[in-house]
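So the sequence shown is numbered by our numbering: it starts at 130 and just counts up by one. Presented below is the structure to which this report refers.
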Amino acid sequence: MAVVETRGLKKHFGDVRAVDGVDLIIQEGEFLVLLGPSGCGKTTTMRMIAGLERPTHGDIYIGGRKVNDLPPRARKVAMVFQSYALYPHMTVYNNIAFPLKAEKLDRHEMQRKVEWAAGMFNIGHLLNRKPRQLSGGERQRVALARAVVREPEVFLLDEPLSNLDAKLRALARDELKQYQRQLGVTTLYVTHDQVEAMGMGDRVAVMAGGRVRQLGTPQELYRTPADTYVATFLGSPPMNLVEKDTCILGFHPEHILPAEVHRDARDPVHIAFEVTRVEYLGSERFLYGLVDSVKGPTKIVSAIPSLVTLPIEAGRTYDFVVDRSDLSFFDKTSEQRIAPLAFADEPVPVEG
């Protein structure tokens, strides 16, 4: 295991600043996720750590050693790509063994390591097959086994589950997290999927425009987003934002409930909610509708557990409640999080 650190990391492609000053510390054994949309710089950041891209500015440290000038093999990292990058003409055994051949291990030691890695990912019965004979999930496991067989200090995963269908992806998330805990290897995971990020990461770094907008635990990012970008990037549906005279109010869909239901609110804020559509999803109902703001009617979503059987119809306005402790406040100009003051008060920026 090793600590990975980037200091002022930048990567420019001509006039394009793909990565524009990223400072990260990934602790030993930590599972850290880089989350963001396409083009935000997350994969370029990972490729610089791997040694596949050279930084324009900044430094990279692995295990306390500066590695800017080291080739990928000397960095003791292993990377799994979105495409898996398996050799189609090789068997599963030879795909997994490929990284070991350069180390000139004897045949018995190589076989021991390949069988250990294959056993970890439950693909020992596939060692004689070619990649074309495997399912998407099996190919993903082969790619992971090939990555861990060298027992790297750092594991780099670039959207490794994106080619799997939804059901298999959910299962793979759980398995991959268990493997990482079992190995104890420092891991950096890149994804655009906030469900993957929130469900797997010990900490999550939300990126946009080549910069880290916020770094914290999934709970910290969800409960206290640093700005409106983070607030609307996380959650499904994401946080509702409503502009008022002094600030922008934010509240999660599960926190705005009918007044009859939310009677335990200690400091209730009442909101007139015009419901325009009701969506039944089994365990919960999503209510889509409009509330008043300084810009006129604003669309929001309420998520109500299906156990709440209160009849709600589209085309009617209801009294909904949010507990003031569940409100987030953002500055209207900077869109940064601000102190939770009363609506009538002048908002004050939160320090830090």
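Each residue gets a CB set at the ideal place from its N, CA and C atoms; glycine is no exception.
Bounding residues of the alpha helix (DSSP H) (the contiguous stretch that carries residue i)
i                 : result
lysine 424        : Note, lysine 424: premise wrong, no alpha helix (DSSP H); not H, not E.
lysine 139        : Here lysine 139 belongs to no alpha helix (DSSP H); instead the beta strand (DSSP E) covers 133–142.
phenylalanine 362 : 357–362
arginine 202      : Where arginine 202 is concerned, there is no enclosing alpha helix (DSSP H), given that its DSSP letter is neither H nor E.
proline 228       : 221–230
isoleucine 178    : 171–179
glutamine 465     : Unbroken run through glutamine 465: none, as it is neither H nor E.
valine 277        : 265–277
Nearest-angstrom beta carbon gap, residue j and residue i [assumed within contact, 8 Å]
i                 : j                 : result
threonine 315     : phenylalanine 284 : 7 Å
phenylalanine 458 : proline 469       : 5 Å
alanine 360       : proline 366       : Not confirmed; about 12 Å, so no contact.
lysine 139        : glycine 187       : 5 Å
proline 281       : lysine 205        : 5 Å
phenylalanine 449 : isoleucine 400    : 5 Å
valine 407        : isoleucine 441    : 6 Å
Enclosing beta strand (DSSP E) for residue i [first to last residue]
i                 : result
aspartate 452     : 446–452
threonine 405     : 397–409
phenylalanine 482 : Limits of the chain in this structure are 130 at one end and 481 at the other, which puts residue 482 out of reach.
leucine 370       : 369–372
leucine 164       : 160–164
histidine 186     : 186–191
glycine 150       : 145–155
serine 457        : 457–459
CB contact flag (residue i, residue j, <9 Å)
i              : j              : result
serine 431     : leucine 416    : yes
tyrosine 318   : valine 271     : no
leucine 273    : proline 289    : yes
serine 454     : arginine 392   : no
arginine 445   : glutamate 413  : no
leucine 363    : methionine 336 : no
threonine 135  : threonine 174  : yes
threonine 118  : glycine 338    : Any property of residue 118 remains undetermined from this structure, which presents the chain solely from 130 to 481.
alanine 246    : arginine 275   : yes
isoleucine 155 : leucine 161    : yes
valine 341     : valine 132     : no
Residue i - partner residues in DSSP beta bridges
i                 : result
glycine 345       : Val333
methionine 208    : Leu285
threonine 315     : Val283
threonine 320     : Leu164
leucine 416       : Val407 and Ser431
phenylalanine 111 : Nothing can be reported for residue 111: it is not among the residues displayed for the chain, which extend from 130 to 481.
lysine 195        : Tyr190
arginine 340      : Ala337
proline 387       : Phe449
Proximity test, Cβ basis, 9 Å: residue i and chain D
i                 : result
phenylalanine 458 : Among the chains in the structure shown there is no chain D, since it carries only a single protein chain.
Is it the case that the stretch 321–335 contacts the stretch 345–358, given that we only count it when at least three CB pairs across the two stretches are under 8 Å? Verdict: yes, contact present.
Cβ contact (3+ pairs, closer than 8 Å) linking the stretch 295–310 and the stretch 132–147: Result no; under three Cβ-Cβ pairs closer than 8 Å.
Within 8 Å, do at least three Cβ pairs link the stretch 246–260 to the stretch 186–199? No, the stretch 186–199 is not in contact with the stretch 246–260.
May I ask you to verify whether the stretch 213–223 touches the stretch 166–185, counting CB pairs closer than 8 Å and requiring at least 3? When Cβ pairs closer than 8 Å are counted between the two stretches, the stretch 213–223 is seen not to touch the stretch 166–185, the count staying below three.
Quick test of the definition: if touching needs 3 or more C-beta pairs under 8 Å, does the stretch 365–373 touch the stretch 422–429? Taking 8 Å as the limit for Cβ pairs, the verdict is that the stretch 422–429 does touch the stretch 365–373.
Determine, using beta-carbon pairs with one atom in the stretch 224–243 and one in the stretch 159–172, whether at least three such pairs fall under 8 Å. No, they do not touch.
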